[in-house]
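Chains as they are written, first to last, in the numbering used here: chain R, 1 to 208; chain E, 209 to 416.
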């Protein structure tokens, strides 16, 4: 398989972490990482637009040439092919909890973090239309959501329960992506979040 | 089961349409719809915040009191309990396609449509911080995405393939939600989209 991706972008990282947790390499499953640099606008070049008309990353290409877009579609497909360890839950209710928390991590953390970056960071100046006012609104949302997640992580080990799941991957990728916009866990204020972050950071997949 | 929802909001409608496609009523599964009015800010009242700390809708409550948030977590849970007809795909690759297209419909249509509404509509003035400039950027995105979806629907009957799926539900709820912000399918320009819309509108679930 080929994974078209940018090593600096949060969504490709979600898929790389997912693949590392599944130990695809250890199973003898070959995944070649192919860099498509957003900085150099290679994602807007015809070669990539043929894979993804919107120029987004990552894209998975199967040996027969079929392509799959959207990080969570790729991860769910890999979960079906390689069910162990389960990263989307283990029974109907547990899977619903994982989906709920992965959605919360996406919509309440990753999304506003990304909008802060897109609308306020110099990287995007002249590349896209920015609305700094919206970025600042989203900055406040991120702070509130970090408080919420910190509170939630006082009740359990991982984002969706006692087991590490895709929801932890999404949350850690969102929080690390926030650093470029100076959105950071406050270690004194967010003790539960900091405890969880340290635990996730210690996993080999964190460096994927 | 209880579904806390607002009859005018797009996300609760996704779940109601999903339930109608599953014919839960015809199976003897009781789902009571309980209105939580966003207009009257009942979603910000303590009773609802106890169900959803962020005050969002819908929320599903099971007979034993457990609650489930996030539309897609609710729909996936119902898909597990009532697999027929399948609305998330039928095999690993098909399920990946449905997830991909449902994500596209959410992130590329429903999300920007919602941001146009939140950031430019009088309904939200004085209720939330608005960034009209961002709303106008998202208005352009919606127009581009409608062109894209129109092109895609020239190749197949439904959003994710030959079968009606959750991706069609998300797309039609997004497009109908756009009307309040004057975002509309252009019948002459979007012939494929208009053909698909007519087909989805004719299903009994459309009125759910």
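Don't be surprised by glycine CBs; every beta carbon is placed ideally from N, CA and C. Small disclaimer: the values here were computed from a predicted structure and weren't measured.
- Counting along the chain, residue 321 of chain E sits inside the alpha helix (DSSP H) bounded by residues 319-328.
- Cβ atoms of residue 159 of chain R and residue 197 of chain R stay farther apart than 8 Å, at about 11 Å.
- In the three-state reduction of the DSSP assignment, residue 210 of chain E falls in the strand class, which pools E and B.
- DSSP places residue 60 of chain R in the uninterrupted beta strand (DSSP E) bounded by 59-61.
- In this structure, DSSP gives residue 185 of chain R a state outside helix and strand, which the three-state scheme calls coil.
- Shortest Cα-Cα distance from residue 388 of chain E to any of E:312, E:218, E:401, E:225 involves E:218.
- Under the Cβ distance rule, residue 345 of chain E counts among the residues neighbouring chain R, one pair being separated by less than 7 Å.
- Just measuring C-alpha positions, the residue of R:80, R:118, R:103 sitting nearest residue 278 of chain E is R:103.
- Taken through DSSP and simplified to helix, strand or coil, residue 296 of chain E comes out as coil.
- Under DSSP, residue 125 of chain R forms a beta bridge with R:128.
- The beta-carbon separation of residue 170 of chain R and residue 105 of chain R, rounded to 4 Å, stays under the 8 Å limit for a contact.
- Taking the C-beta atoms as reference points, residue 370 of chain E is found no nearer than 7 Å to residue 398 of chain E.
- Where residue 34 of chain R is concerned, the enclosing beta strand (DSSP E) starts and stops at 32-35.
- Assignment of residue 353 of chain E by DSSP, reduced to helix, strand and coil, places it in the helix class.
- Chain E places a beta carbon closer than 7 Å to that of residue 99 of chain R, counting this residue as a contact.
- Taking 7 Å as the threshold, the shortest C-beta distance from residue 134 of chain R to chain E falls below it.
- Beta bridge pairing from DSSP links residue 366 of chain E with E:369.
- Taken through DSSP and simplified to helix, strand or coil, residue 200 of chain R comes out as helix.
- The beta carbon of residue 285 of chain E falls within 7 Å of a beta carbon belonging to chain R, placing the residue at that interface.
- The segment 340-348 of chain E and the segment 125-133 of chain R touch, with no fewer than 3 CB-CB distances between them shorter than 8 Å.
- With distances taken between CA atoms, residue 227 of chain E lies nearest to E:292 out of E:292, E:384, E:309.
- Within chain E, 285, 288, 289 have C-beta atoms less than 7 Å from the C-beta of residue 92 of chain R, given in sequence order.
- Here residue 221 of chain E carries a helix assignment [DSSP, helix/strand/coil].
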